[in-house]
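*Asks:* Okay, here's the structure, questions in a sec.
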Amino acid sequence: MQTIRPASSLPDAQGKFGRFGGKFVPEILIPAVSELEQAYEEARSDAGFQTELRELLREYAGRPNPLTHAERLSEHAGGAQIYLKREDLNHTGAHKINNVLGQLLLAKRMGKKRIIAETGAGQHGVATATVAARFGMECIVYMGEEDTVRQRLNVFRMQLLGARVVPVTTGSRTLKDAVNEAIRDWVTNVETTFYCIGSVVGPHPYPMIVRDFQKIIGEETRQQFLERHGRLPEAVVACVGGGSNAMGMFYPFLEDEDVQLFGVEAGGRGPQPGEHAATLSAGEPGILHGALSYLIQTGDGQIGEVHSVSAGLDYPGVGPEHAWLKETGRVEYTSVNDAEALEGMKLLSRTEGIIPALESAHAVYFAAKLAGRMAGEQAVVICLSGRGDKDMETVAALLAGEGEHD
Amino acid sequence: MTELRSLLQKKIQSGEKLLSIYLTAGFPDAEATLPLLQALAEGGADFIELGVPFSDPLADGPVIQAASTQALAAGMSVEKALQLCDRFTGEHELPVLLMGYANPFMKFGWQRLAEQAQQARVAGMIIPDLPPEESETVQETLRAAGISLVFLASPNTSEARIRLIDRLCDAFVYAVSVTGVTGARDSLPAQTTEFLQRLRSLTEHPVLVGFGVSSAATARSLVAHADGVIIGSSVIELIRTAPGLDAACERVHAFVREIKTAIS
Ligand SMILES: Cc1ncc(COP(=O)(O)O)c(C=O)c1O
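Sequence order for the protein chains is A and B.
One point on numbering: in the working numbering, the residue at position 140 of the first sequence is 140, and numbering is uninterrupted.
In short: position in the second sequence from 1, add 1000, done, that's the working numbering.
Right under this line is the structure:
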């Protein structure tokens, strides 16, 4: 493994993590990303901003959330002890709210009252609609038409919260196309609009900002585990779509070289092109949505089709910091397919009485396998990024298709 | 000075206003591109921007998005666009620039692109998602092959950045008329004029203005403050709605002639 520079030192002044990241955006957006960069630099060192954010996280989002010992899951896995970082217990049901509270507080500070966002599973859209309502801001959410169908309940939640949901009918009608449409809106309304991006993707400074707002996941986990055990866990596992819950979980552990870090991508229906969304495992470097990172693409450099049973992982790109962590070898990236994710969902539901989001279920499945290969006194932490309520319709249809009703 | 620059310069010095037309390569299909380019040339275009389609054109409005999707479905690629360019420039003097998003070019390989583009007599490249901070080595590679990388400036571009773009420029500055995506607009806001005046006070390089230009009247009013105009979506729309290739060629020929006359 290459030696890691202090985790806190990246990105560099150009917004790069090694060769990844950067600002591959049209000239029109350069003033917007520069303005954001400056506003964030100021906010980051402003005690008032940090206090307000901490208070919102505590009183509104419900942090800190627990680190639950999953005893029956551990027993089932038959090896290491498994712990769950309970992002599913946050207000709105996923880790997404951590980032949205930070970004919209920043938007407020910048005097921007029109908020746009993209969403895949709908969790980021719901979180954005929620915080926009709380702050009295206008909110427009772009969502691929296919996702508006499979995450119908979240569309309704967003509308109830007063947001306008715009179905996107271009391209594959999923998350990637929702990002395209959000960027087109941003280009057009750049003076008045704040783009609240939902993962550690996009042009600099977004990957850094979103990571910083999500790193509370790893900070709490590290402290909770240390307090309870006087040491760190041997392994930490998180699912990777764009990579925000994983980045937030991993970042505070980057310099703890004895802690193994695993990112789990969507293996979909199999390794054939178009059937999965395992960007880091099967993709190659390329430029999409403002950054150089890994990408699923065709031989001609067009963005490839992707598939995952979970809308939140159904994305052909990934955050640039993950690309860098892959190349340095600090994080190991692997994938879990649709059927295994469903298995993971059932497993956690039946051993612990916790129904995970389909995204998080990918991490659960891998972690259970991993724990099985480890010793009983060792520990694995799973970032349980969200709860499964939003997926009940999808899962019911899938299980009915399998002829399984028990 | 690159070849493109001296060509533009010669026309500008003789008092001409320039007209550049954007055409998506392979739209509506690969066979249509050469006849359409021919029609643009005969209609009086001063140079061509041949669009290399991308699956996710995030600075484009619906018209060019749809044209890109259709061209890709018909099999267009960087390699094929270069072949089309080679065949066209083999028979015409008209300079051709390639316009497209960074990823297909990067995947093709910048060095390989520079070599093959040089062979195909490509005069320049426009890559909207490759701003100055990300394009240093790309510009060097292209320049070594005699190809100009064209940068864009928009109404919200700061004075400092316009000076940066001016310093890097080796052909012309592409002025984006409005903040927004590509697409025809009935009229342009008053700020466009202010922006063009500001831009010209900060650069000696030729300024061509594009995005949203759709009519002879708009084109005429713009060239009071610029060295020329760039038209894309309106031409694509003419082609899309034409009953066949011959009709499309006739329409774009007539349209180009009308605009060129209006700005002369
Ligand atoms: C519960 C949950 N987990 C994970 C993800 C994937 O996003 P990321 O990789 O940015 O954490 C999503 C995205 O919608 C989600 O809703």
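Yeah, the Cβ is synthetic: ideal placement off N, Cα and C, and Gly gets one too.
Closer than 6 Å by C-beta to I1239 (chain B): which residues in its own chain qualify, once you throw out the five before and the five after it? Chain order, please.
*Replies:* A1248.
*Asks:* Give every residue of the same chain whose Cβ lies closer than 6 Å to the Cβ of P1128 (chain B), excluding the five residues on either side of it in the sequence, and list them in chain order.
*Replies:* Taken in chain order, the residues that qualify are A1059.
*Asks:* Look at the alpha carbon of L1153 (chain B) and the alpha carbon of K23 (chain A), and state the distance between them as a whole number of angstroms.
*Replies:* A quick correction: the sequence has Ala, not Leu, at residue 1153 (chain B). Those two C-alpha atoms are separated by around 16 Å.
*Asks:* Is there a Cβ from chain B that is less than 8 Å from the Cβ of D300 (chain A)?
*Replies:* Output row for D300 (chain A): interface = yes.
*Asks:* Which whole runs of the beta strand (DSSP E) in the region 373 to 406 of chain A are 3 residues long or more, in chain order?
*Replies:* Within the region 373 to 406 of chain A, the complete beta strand (DSSP E) runs of at least 3 residues are 379 to 384.
*Asks:* Less than 8 Å between the beta carbons of A266 (chain A) and S172 (chain A), yes or no?
*Replies:* No, the Cβ-Cβ distance between A266 (chain A) and S172 (chain A) is not below 8 Å.
*Asks:* Quickly, what does DSSP pair Q260 (chain A) with across the bridge? List them, please.
*Replies:* Q260 (chain A) pairs with A:A235.
*Asks:* Which first and last residues belong to the alpha helix (DSSP H) in which L1199 (chain B) is found?
*Replies:* First-last of the alpha helix (DSSP H) with L1199 (chain B): 1190 to 1202.
*Asks:* Using a Cβ-based criterion (distance less than 7 Å to any ligand heavy atom), does E1091 (chain B) qualify as near ligand 1?
*Replies:* Outside the cutoff, so no.
*Asks:* Please decide whether V1223 (chain B) counts as near chain A, where near means a Cβ-Cβ distance under 8 Å.
*Replies:* False, the Cβ-Cβ gap to chain A never drops below 8 Å.
*Asks:* Touching or not, the region 62 to 78 of chain A and the region 345 to 352 of chain A, by the rule of three or more beta carbon pairs under 8 Å?
*Replies:* At 8 Å Cβ cutoff, the stretches touch.
*Asks:* Relative to the C-alpha of K1017 (chain B), which residue among B:V1252, B:A1219, B:P1243, B:L1245 is closest?
*Replies:* For K1017 (chain B), the nearest C-alpha among the options comes from B:A1219.
*Asks:* Does DSSP put S1148 (chain B) in a helix, a strand or coil?
*Replies:* Reduced to three states, the DSSP call for S1148 (chain B) is strand.
*Asks:* Anything in the region 1094 to 1127 of chain B with a Cβ closer than 9 Å to a Cβ of chain A? List those residues in chain order, please.
*Replies:* Residues Y1101, A1102, N1103, P1104, F1105, M1106, K1107, F1108.
*Asks:* Is there a Cβ of chain B sitting closer than 8 Å to that of G248 (chain A), yes or no?
*Replies:* Answer no: the Cβ-Cβ gap between G248 (chain A) and chain B never drops below 8 Å.
*Asks:* Exposed or buried, M392 (chain A), counting other C-beta atoms within 10 Å across all chains shown (16 or more means buried)?
*Replies:* Exposed.
*Asks:* Can you look up E1091 (chain B) in the DSSP assignment and give me helix, strand or coil?
*Replies:* If DSSP states are grouped into helix, strand and coil, E1091 (chain B) belongs with coil.
*Asks:* Using a C-beta cutoff of 8 Å, does S1077 (chain B) count as contacting chain A?
*Replies:* Output row for S1077 (chain B): interface = yes.
*Asks:* If you count every other CB in all the chains shown that lies within 10 Å of the CB of K1010 (chain B), and 16 or more means buried, which is it?
*Replies:* The residue is exposed, with fewer than 16 neighbouring Cβ atoms inside 10 Å.
*Asks:* So, with DSSP's three-state summary, where would you put Q2 (chain A)?
*Replies:* Since pLDDT at Q2 (chain A) reaches only 46, below the 50 mark, its modelled position is unreliable, and the value read off the structure follows with that caveat. Here Q2 (chain A) sits in coil by DSSP.
*Asks:* Put C139 (chain A) into one of helix, strand or coil per three-state DSSP.
*Replies:* In this structure, C139 (chain A) counts as strand in the three-state DSSP scheme.
*Asks:* Spatial neighbours of I287 (chain A) within its chain, please: CB distance less than 7 Å, with the 5 preceding and 5 following residues excluded, ordered by chain position.
*Replies:* Closer than 7 Å at Cβ, skipping near neighbours: F24.
*Asks:* Is any beta-carbon of chain A found at less than 8 Å from that of L1072 (chain B)?
*Replies:* Chain A, which has a Cβ nearer than 8 Å to the Cβ of L1072 (chain B), makes this yes.
*Asks:* What number of angstroms, rounded off, separates the C-alpha of M1099 (chain B) from the C-alpha of K1080 (chain B)?
*Replies:* Distance between the alpha carbons of M1099 (chain B) and K1080 (chain B): 14 Å.
*Asks:* Please confirm whether G312 (chain A) and E359 (chain A) have their CB atoms less than 8 Å apart.
*Replies:* Result yes, Cβ atoms of G312 (chain A) and E359 (chain A) sit closer than 8 Å.
*Asks:* Going along the region 178 to 208 of chain A in order, which residues come within less than 7 Å of chain B, judged by CB to CB distance?
*Replies:* If the cut-off is 7 Å between Cβ atoms, the region 178 to 208 of chain A has N180, I183, R184, V187, T188, V190 near chain B.
*Asks:* Please list, in chain order, the residues of the region 1162 to 1196 of chain B that have any C-beta partner in chain A closer than 7 Å.
*Replies:* Listed by position, the residues of the region 1162 to 1196 of chain B near chain A (Cβ gap below 7 Å) are V1176, T1179, G1180, V1181.
*Asks:* Would you say the beta carbon of S360 (chain A) is closer than 7 Å to some non-hydrogen atom of ligand 1?
*Replies:* Within the cutoff, so yes.
*Asks:* Is it true that the CB of H1092 (chain B) sits closer than 8 Å to the CB of A1144 (chain B)?
*Replies:* Result no, Cβ atoms of A1144 (chain B) and H1092 (chain B) do not sit closer than 8 Å.
*Asks:* Can you tell which of A:H76, A:E37, A:N90, A:L370 has its C-alpha closest to the C-alpha of E411 (chain A)?
*Replies:* Not covered by the structure: residue 411 (chain A). The range shown for chain A is 1 to 406.
*Asks:* I'd like to know if the region 190 to 210 of chain A and the region 335 to 346 of chain A are in contact, where contact means that at least 3 CB-CB pairs between them fall below 8 Å.
*Replies:* Short answer: they don't touch.
*Asks:* Where does P356 (chain A) sit, in a helix, a strand or coil, going by DSSP?
*Replies:* P356 (chain A) falls in the strand class under three-state DSSP.
*Asks:* Given this structure, state the Cα-to-Cα distance separating M1 (chain A) from W324 (chain A), to the nearest angstrom.
*Replies:* Unreliable placement is indicated for M1 (chain A), whose pLDDT of 44 sits below 50; the coordinate value is still reported in the next sentence. If I take the Cα positions, the gap works out to 13 Å.
*Asks:* From this set, A:G21, A:D300, A:G198, A:D88, which residue's C-alpha is nearest A361 (chain A)'s C-alpha?
*Replies:* When each option's Cα is compared against that of A361 (chain A), the closest is A:D88.
*Asks:* Is the shortest distance between the beta-carbon of S1158 (chain B) and the beta-carbons of chain A less than 8 Å?
*Replies:* Chain A, which has a Cβ nearer than 8 Å to the Cβ of S1158 (chain B), makes this yes.
*Asks:* Taking A1059 (chain B) as the query, report the chain A residues whose CB atoms sit under 7 Å from its CB, ordered along the chain.
*Replies:* Simply P26, V187.
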